[in-house]
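Please read the structure below before turning to the comments.
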Amino acid sequence: MSTDAAPSTKSDFRVHEIALAVICAVGLQGGALLLLRAANLDRPAMAPEIDKGPSVPVKVVPVLDLDAAPALKLGGKRDPAKLPDRWLKPRAKRRVEEKAFVSTKAEKTEEAIPPKEIEVAEAKTPVPPPEAEVAKVVETPIEEPAKVEPPPNVDEKGHEDGVKGGTEMDPLKARAVDIYREKVRSWFSRRFRVSGSGLSPEEITKFRVAATVTLSGGRSVASFAIVSSGQAAFDAAARAALESAKGEELPPPPENYPDIVQSQISLTFTCTPERCD
């Protein structure tokens, strides 16, 4: 017959360690008590005393508003030092009110007629003149501006590239026309150069050569005509630029607006000191 031995429990602390912890705890408690006794809490604080001055007795006396609430019995006298024995309700004051209805006791005598509150002007009293500014506004008629319509033989103002009787109101198309015109002018301007004119930089910017270019089917340059600027070198340079463009096609228009290419184009050739001598 075998017996199982019971497992022995082993503490994590030794005996002398536990004893040392108990001694430390007791020492802390004793030290705290000693500090409290040494503090002498019963001793008054060292705060400066405030001088309260001489004491004056105050007598409380009730104050009554006897005029607002006449709390006196009949035949009594007012004594501010005593309270009244009862309170008398003040009498209501009568108010004078105007009556808007007709009295049933009206008489036909002149004395029974109430006095007039509003003065009525007599028939001979002149009417006071109105304010000058108000009278001017009232008496002066306001004329409506007449609508001015253009004569039947005068064209209404429209886009410079439009046609007579046109109804196009697309702002994007007008913007596309302006951009394309500037592109065509730059295409011709690259061919224009004045050399050997003998003019100063200030004078060379004053001359202008106007030209009209006619296009054939499509965008090809067919012919041109120029208006003389009065300076031979300028006229020759403009004629040479247009001759070099003859037979060539202009830059293509925008894809969304292929119909903006016109049969005639107006140009103006000018010079800058950087482009011309």
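Under full-length UniProt numbering, the sequence shown has 203 at position 203, and the numbering climbs by one with no breaks. Virtual Cβ for every residue (Gly too), placed ideally from N, Cα, C. Computed from a predicted model, the values in this text were never measured in an experiment.
So what's residue i in DSSP terms, helix, strand or just coil?
i, result
"Q262", "coil"
"S189", "helix"
"A92", "coil"
"S55", "coil"
"F207", "coil"
"S228", "coil"
"F269", "strand"
"V60", "coil"
"L215", "strand"
"E17", "helix"
"A241", "helix"
"V221", "strand"
"E49", "coil"
"E249", "strand"
"R175", "helix"
"V184", "helix"
"L28", "helix"
"P254", "coil"
"residue 333", "The structure shown does not extend to residue 333, since the chain spans only 1 to 277, so no value can be given for it."
"V194", "coil"
"D235", "helix"
"R37", "helix"
Using a Cβ-Cβ cut-off of 6 Å (strictly less than) and excluding sequence neighbours within five positions of residue i, which residues of its own chain qualify?
i, result
"F207", "S229, Q231, F234"
"P273", "P201"
"C276", "V194, I204"
"N256", "none"
"T214", "A222, S223, Q264"
"F269", "F192, V209, A238"
"G198", "none"
Excluding the five sequence neighbours on either side, which residues of its own chain have a C-beta within less than 8 Å of the C-beta of residue i, listed in chain order?
i, result
"I260", "D161, K173, A176, V177, Y180, P253, P254"
"G196", "A233, D277"
"E49", "none"
"V60", "none"
Count the other CB atoms, across all protein chains shown, that sit within 10 Å of the CB of residue i; report buried if there are 16 or more and exposed otherwise.
i, result
"F13", "exposed"
"C24", "exposed"
"I204", "buried"
"L28", "exposed"
"V22", "exposed"
"A92", "exposed"
"V15", "exposed"
"A47", "exposed"
"P171", "exposed"
"A19", "exposed"
"E17", "exposed"
"P151", "Any reading at P151 must be qualified, since the residue scores a pLDDT of 49, below 50, and its modelled position is unreliable; the value itself is stated next. Per the 10 Å Cβ criterion, exposed."
For residue i, I'd like the list of residues in its chain whose CB is within less than 7 Å of its CB, leaving aside the five on either flank, ordered along the chain.
i, result
"R219", "E249, L250, V261"
"T212", "F224, A225, Q264, S266"
"R191", "A241, S244, A245"
"V184", "L250, P251, I265"
"G247", "S220, V221"
"W187", "L250, P251"
"S216", "A222"
Let me check you understand the geometry: is the CB of residue i closer than 7 Å to at least one non-hydrogen atom of the ligand ADP?
i, result
"A19", "For the structure depicted, the ligand ADP is absent and the ligand set is empty, with no information on it obtainable."
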